[in-house]
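First up is the structure itself, then whatever we jot down about it.
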Amino acid sequence: MIGFALFAMLPALLVVGVMVHLNEQVVTKTVATFVMHEDNAIQLAGAKASEVSQNTLNQTSARLISLDATGIQRMAAKLTRSSESQLRESNAHIVTLAVAANHRLAARLVALEHGPTSKMADRANSLAREETIALQAASRKTTDQAVAAMAAAGRTAVTQATTYMKERVQFVVWSIRRGYIQPQLKEVSDDAASKIPPLARDALTTFRSQTMILTVFLLLLTLLAAVIASYWLSSHFAVPIEVDERQKRAEIERYSHEMEIAARLQAALLPVDVSAPGFELALAMLPATEVGGDLLDYLPQADGTFWLAIGDVTGHGLTPGIVMMMAQSLFTGFVIEQPDSSPRLLLAKLNRALHQNIRYRLRNDQFMTLQLLRHHGDGCFSAAGLHCDILVHRAETGAVERIRVHGCWVGISPEIEDLLQEVHFQLHPGDTLVLYTDGLIEAANAHQEQFHLNRLEDAVGIAADKSPAEMKADILAQVQSWVAQQEDDISLIVLRRLAATDQVADEPMAAGQKEFIYD
Numbered sequence: 127m128i129g130f131a132l133f134a135m136l137p138a139l140l141v142v143g144v145m146v147h148l149n150e151q152v153v154t155k156t157v158a159t160f161v162m163h164e165d166n167a168i169q170l171a172g173a174k175a176s177e178v179s180q181n182t183l184n185q186t187s188a189r190l191i192s193l194d195a196t197g198i199q200r201m202a203a204k205l206t207r208s209s210e211s212q213l214r215e216s217n218a219h220i221v222t223l224a225v226a227a228n229h230r231l232a233a234r235l236v237a238l239e240h241g242p243t244s245k246m247a248d249r250a251n252s253l254a255r256e257e258t259i260a261l262q263a264a265s266r267k268t269t270d271q272a273v274a275a276m277a278a279a280g281r282t283a284v285t286q287a288t289t290y291m292k293e294r295v296q297f298v299v300w301s302i303r304r305g306y307i308q309p310q311l312k313e314v315s316d317d318a319a320s321k322i323p324p325l326a327r328d329a330l331t332t333f334r335s336q337t338m339i340l341t342v343f344l345l346l347l348t349l350l351a352a353v354i355a356s357y358w359l360s361s362h363f364a365v366p367i368e369v370d371e372r373q374k375r376a377e378i379e380r381y382s383h384e385m386e387i388a389a390r391l392q393a394a395l396l397p398v399d400v401s402a403p404g405f406e407l408a409l410a411m412l413p414a415t416e417v418g419g420d421l422l423d424y425l426p427q428a429d430g431t432f433w434l435a436i437g438d439v440t441g442h443g444l445t446p447g448i449v450m451m452m453a454q455s456l457f458t459g460f461v462i463e464q465p466d467s468s469p470r471l472l473l474a475k476l477n478r479a480l481h482q483n484i485r486y487r488l489r490n491d492q493f494m495t496l497q498l499l500r501h502h503g504d505g506c507f508s509a510a511g512l513h514c515d516i517l518v519h520r521a522e523t524g525a526v527e528r529i530r531v532h533g534c535w536v537g538i539s540p541e542i543e544d545l546l547q548e549v550h551f552q553l554h555p556g557d558t559l560v561l562y563t564d565g566l567i568e569a570a571n572a573h574q575e576q577f578h579l580n581r582l583e584d585a586v587g588i589a590a591d592k593s594p595a596e597m598k599a600d601i602l603a604q605v606q607s608w609v610a611q612q613e614d615d616i617s618l619i620v621l622r623r624l625a626a627t628d629q630v631a632d633e634p635m636a637a638g639q640k641e642f643i644y645d
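Counting in our numbering, the sequence shown runs from 127 upward without gaps.
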């Protein structure tokens, strides 16, 4: 119910987030707008100041031009006066030259008084013409000099007037900008800046108020919709889901309880009396899950002989555990019915019954490895069934011997008698028999390296001087320290034939020699 309510409130939270985001965007846009208005106001003030500056500059230039025109007129008058003075000086010079020429002419006439009259007249006329030409040249030269002097003086005056006018214009413009334009510009900018903050604050306050009202309204509306949706969803989905979850929890609890019962049944099927006359026996089973798929059994007979069985059903869990219990029940029943049967014949009979149960009752395709051993007396054994190699530690030599038994899997086919092979061997006093499942030798460490049969042989050889119970504990300790995570069931049987001086009482094994561990 709470989960649906929270799920329904998600749209409300989303709307609030969107409104906050829009609020921030509008605030930012409003500030940017007022900043733009402030820039426009400053630009308008600058334009107005530039217009005032241009008008003032035009007026100042006109005044300067009028003033300089008057100055130029005065300078022209001055030049005129200078020219007239030069002309007067030139005329005076010309008169002086004329007087001098007349004097020279008179002197020459006097010198010529003594010559013929006609010649004197010609000579006088010639002299008069020469003097006249000389005077004219002198007059032109004087006039040209006066004109050149007036032109040079005029150019100098115009250049001086232009330079003077530029300096005056620059000075006046600088003075106007500093003394008139800048104060106006500052006045306009200050006026625009003083008007913008109040307008901005008013606009932002108004928008935020409107946004807050709209946000609260939408939030309340969304919360109402969330409550309605939560109620509807809870009535249509939450209740069935909760009922389904309760059913699943009950199913899991029931399954766990059943698995615990199955595990206890499997533990109860392990042999209670593991005493064997002339032998010392220790066994252990470590399931990977609540119910293991390994078979481990010991059936003593009234005449002092006994049967041993060890096997492994494919996989682990409830189904392999059921198959294992079927096989163990069949093994017990057939041994009770035919205690003198051979392991080969008993295994073939057990296979037919187990195949029938697995295929037609469980409707499954499980199968298993199974090895049956019968002790005939005086340490003589016969064995049949495909399983792991039998290990025998010889007390006399200290060597570990492997005994391989060929055969066929149990439960895979109804008839396997022709495929089974029976082997025979004998344990001498002090010899130790070790039976195990593949979960022990295939236990892998963190590097996926298996414990392997070689390490098991080494562990058996090292612990040979210990009791079967101690040997069993040492082997399991090494395997558990080796394995990174147990993924398969581990089972172990250690049987030692005692010497005559080592005979123990015919009573159940002490605590700790039989072991069954489950989680």
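For every residue, glycine included, the Cβ atom is placed at its ideal position computed from N, Cα and C.
In this text, all values refer to a predicted model and were calculated from it rather than measured experimentally.
Burial state of residue i (16 or more Cβ within 10 Å)
{"i": "methionine 338", "result": "exposed"}
{"i": "leucine 661", "result": "This structure cannot speak to residue 661, because the chain is shown only from 127 to 645."}
{"i": "leucine 350", "result": "exposed"}
{"i": "tyrosine 424", "result": "buried"}
{"i": "valine 103", "result": "Since the first residue shown for the chain is 127 and the last is 645, residue 103 is missing from the structure and cannot be characterised."}
{"i": "serine 646", "result": "Limits of the chain in this structure are 127 at one end and 645 at the other, which puts residue 646 out of reach."}
{"i": "glycine 459", "result": "exposed"}
{"i": "leucine 336", "result": "Checking the sequence, you will find glutamine at residue 336 rather than leucine. Result: exposed."}
{"i": "proline 469", "result": "buried"}
{"i": "alanine 625", "result": "exposed"}
{"i": "leucine 488", "result": "exposed"}
{"i": "isoleucine 354", "result": "exposed"}
{"i": "threonine 282", "result": "exposed"}
{"i": "isoleucine 448", "result": "buried"}
{"i": "isoleucine 317", "result": "Going by the sequence as given, residue 317 is aspartate instead of isoleucine. Aspartate 317 is exposed by the Cβ-count criterion."}
{"i": "aspartate 591", "result": "exposed"}
{"i": "isoleucine 378", "result": "exposed"}
{"i": "glutamine 271", "result": "exposed"}
{"i": "glutamate 371", "result": "exposed"}
{"i": "alanine 510", "result": "buried"}
{"i": "glutamate 313", "result": "exposed"}
{"i": "glutamate 215", "result": "exposed"}
{"i": "valine 518", "result": "buried"}
{"i": "valine 342", "result": "exposed"}
{"i": "threonine 331", "result": "exposed"}
Heavy atom of the ligand FAD within 7 Å of residue i beta-carbon
{"i": "methionine 338", "result": "In the structure shown, the ligand FAD is absent, as is every other ligand, since no ligand is present at all."}
Sub-8 Å separation of residue i and residue j beta-carbons
{"i": "isoleucine 484", "j": "glycine 537", "result": "yes"}
{"i": "aspartate 614", "j": "histidine 442", "result": "yes"}
{"i": "phenylalanine 507", "j": "histidine 513", "result": "no"}
{"i": "methionine 494", "j": "tryptophan 433", "result": "no"}
{"i": "glutamine 454", "j": "leucine 546", "result": "no"}
{"i": "isoleucine 105", "j": "leucine 561", "result": "This structure does not reach residue 105, given that the chain is present from 127 up to 645, and the question cannot be answered."}
{"i": "alanine 589", "j": "methionine 597", "result": "yes"}
{"i": "glutamine 503", "j": "glycine 565", "result": "Rather than glutamine, the amino acid found at residue 503 in this sequence is glycine. Contact flag unset, no."}
{"i": "threonine 563", "j": "aspartate 466", "result": "no"}
{"i": "leucine 496", "j": "glycine 437", "result": "yes"}
{"i": "phenylalanine 457", "j": "alanine 428", "result": "no"}
{"i": "leucine 498", "j": "isoleucine 619", "result": "no"}
Neighbourhood of residue i by C-beta distance below 8 Å, restricted to the same chain and skipping five residues each side
{"i": "histidine 554", "result": "Gly505, Arg520, Ala521, Glu522, Arg623"}
{"i": "arginine 478", "result": "Pro540, Glu541"}
{"i": "threonine 440", "result": "Gly419, Pro446, Gln492, Phe493, Met494"}
Chain-order list of residues whose beta-carbon lies under 6 Å from that of residue i (same chain, five-residue window excluded)
{"i": "proline 634", "result": "Residue confidence for proline 634 is low, a pLDDT of 41 falling below 50, so the modelled location carries little weight; the figure read from the coordinates is stated next. Result list for proline 634: Asp399, Ser401, in chain order."}
{"i": "glycine 587", "result": "Val526"}
{"i": "histidine 481", "result": "Gly537, Pro540"}
{"i": "histidine 532", "result": "Gln547"}
{"i": "valine 461", "result": "Leu425, Trp433"}
{"i": "histidine 550", "result": "Ser508"}
Chain-order list of residues whose beta-carbon lies under 7 Å from that of residue i (same chain, five-residue window excluded)
{"i": "asparagine 490", "result": "Thr445, Ile484"}
{"i": "glutamate 608", "result": "Residue identity differs from the one stated: residue 608 is tryptophan in this sequence, not glutamate. The residues are Ala569, Asn571, Phe577."}
{"i": "methionine 452", "result": "Leu480, Asn483"}
{"i": "threonine 415", "result": "His442, Gly443"}
{"i": "valine 605", "result": "Leu566, Ala569, Phe577, Ile616"}
Contact with chain B by residue i, beta-carbon distance below 8 Å
{"i": "glutamine 286", "result": "Protein chain content of the structure displayed is limited to a single chain, and chain B is not contained in it."}
Does the stretch 397-408 come within contact of the stretch 458-473, defined as at least 3 CB pairs closer than 8 Å? As far as the Cβ criterion goes, the stretch 397-408 does not touch the stretch 458-473, which means the pair count is below three.
Alpha helix (DSSP H) runs wholly inside the stretch 570-620, at least 4 long, in chain order: You should have 578-588, 594-608.
Uninterrupted alpha helix (DSSP H) stretches inside the stretch 390-466 (no shorter than 4 residues): Complete alpha helix (DSSP H) runs here, min 4: 444-463.
Complete alpha helix (DSSP H) runs within the stretch 487-544 (minimum length 4 residues, chain order): Taking only runs of at least 4 residues, no alpha helix (DSSP H) segment lies wholly in the stretch 487-544.
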